Ligand SMILES: [Zn+2]
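In my numbering, the protein residues as written are 3 to 302.
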């Protein structure tokens, strides 16, 4: 049996996968450490505790870890979203249980899942954007995931789209993700309507739909779409993808953006060859993305 562990910006999921790649058991928790609690310790303790139960009752041959941030030699070098550096969870698990552990970036895992099973399965040249707390991405050419030699590479969220734009966590100004992360979109809506800072996504979606004709909300949506199209056009110019799939929190808010995004995008006529416009898709795997992600990750 294999185990997939998915550490997101705000949750941890652990799934057991049988030899046919089917999930037989899955557990998810929200990442809610106490104030001032060491996040690395919190994550490690939770995972070791869960693994203890699983390993006692089953024969585990491999553990796959998906984590948000830069991975080098199985170490999470830096996760801006989690606010941690140099986290070698693979080593801790390997030393405790003597089971091989693989590690990969979570957006890359989601991209591979969409490529193999979801919205990108019919495209050879394509890109995936995970629009969430930040923007993660991956590019496939000739069905192959492009990789750089050292880190993950393809930090599509840090393409600058306005040199005078807001400060990004990476140190630059005006990165794509400072305009088009879903975190920033939600924040703008919350501020505009004077909502509670911790308003849940599900409530927020209802509130946006009820206020869809509010001029301020319309401004936020249109500005988001316009900026998104700038980012997409850069990706199209560099990689000439047949399709780009949009996932993460964006997929959850798709009703707010998608129809208008498609209309505006078509008017720009961005082509990947002389007569074909790049398809803009929405990630399809939804809540199953985690499950498929475990599976696909483990199979690498
Ligand atoms: Zn940046």
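In this text, a Cβ means the ideal position worked out from N, Cα and C, and glycines have one as well. Because the structure is a prediction, the values reported are computed rather than measured.
- Query: Are residue 223 and residue 256 closer than 8 Å when you measure CB to CB?
  - Reply: It is not a contact, given that the beta carbons lie outside the stated cut-off.
- Message: Starting from residue 16, trace the alpha helix (DSSP H) in both directions and tell me its first and last residue.
- Response: Not the alpha helix (DSSP H): residue 16 falls in the beta strand (DSSP E), residues 13-19.
- Item | Neighbourhood of residue 175 by C-beta, 6 Å cutoff - its chain only, sequence neighbours within 5 removed | Around residue 175: 167, 169.
- Tell me whether the beta-carbon of residue 65 lies closer than 8 Å to the beta-carbon of residue 101. Cβ distance < 8 Å, so residue 65 and residue 101 count as in contact.
- Alpha carbon to alpha carbon, how far is residue 26 from residue 220? Give it in angstroms, no decimals. A direct Cα-Cα distance of roughly 44 Å separates residue 220 from residue 26.
- Run through the region 217-274 for me and flag every whole alpha helix (DSSP H) of 4 or more residues, listed as ranges in chain order. Listed in chain order, they are 217-241, 251-254, 256-270.
- In terms of alpha-carbon separation, which member of 40, 122, 134, 91 lies closest to residue 181? Of the candidates 40, 122, 134, 91, the residue whose Cα lies closest to the Cα of residue 181 is 134.
- Item | Three-state class that DSSP yields for residue 142 in the structure shown | The answer is strand: DSSP assigns residue 142 an E or B state.
- Message: Taking a contact to mean a Cβ-Cβ separation below 8 Å, would you say residue 139 touches residue 159 in this structure?
- Response: It is a contact, given that the beta carbons lie within the stated cut-off.
- Got a sec: does ligand 1 put a non-hydrogen atom nearer than 7 Å to the Cβ of residue 177? Residue 177: yes, Cβ under 7 Å from ligand 1.
- Query: Which residues in the same chain have their Cβ closer than 6 Å to the Cβ of residue 229, if we skip the five residues on either side of it in sequence?
  - Reply: Take residue 229, set aside five residues on each side of it, and the residues of its chain with a beta-carbon closer than 6 Å to its own are 181, 182, in chain order.
- Task: Using a threshold of 8 Å, state whether the C-beta atoms of residue 244 and residue 274 are closer than that.
- Result: For residue 244 and residue 274, yes; Cβs fall inside 8 Å.
- Item | Distance cut-off 7 Å: residue 128 Cβ against heavy atoms of ligand 1 | The nearest non-hydrogen atom of ligand 1 is 7 Å or more from the C-beta of residue 128.
- Does the pairing of the region 113-132 with the region 140-152 give three or more beta-carbon distances under 8 Å? Judged by Cβ distances under 8 Å, the region 113-132 makes contact with the region 140-152, as three or more pairs qualify.
- Item | Residues near residue 278 by beta carbon distance below 8 Å, same chain, minus five either side | Excluding five sequence positions before and after residue 278, the CB atoms of its chain that fall closer than 8 Å to its own CB belong to 244, given in chain order.
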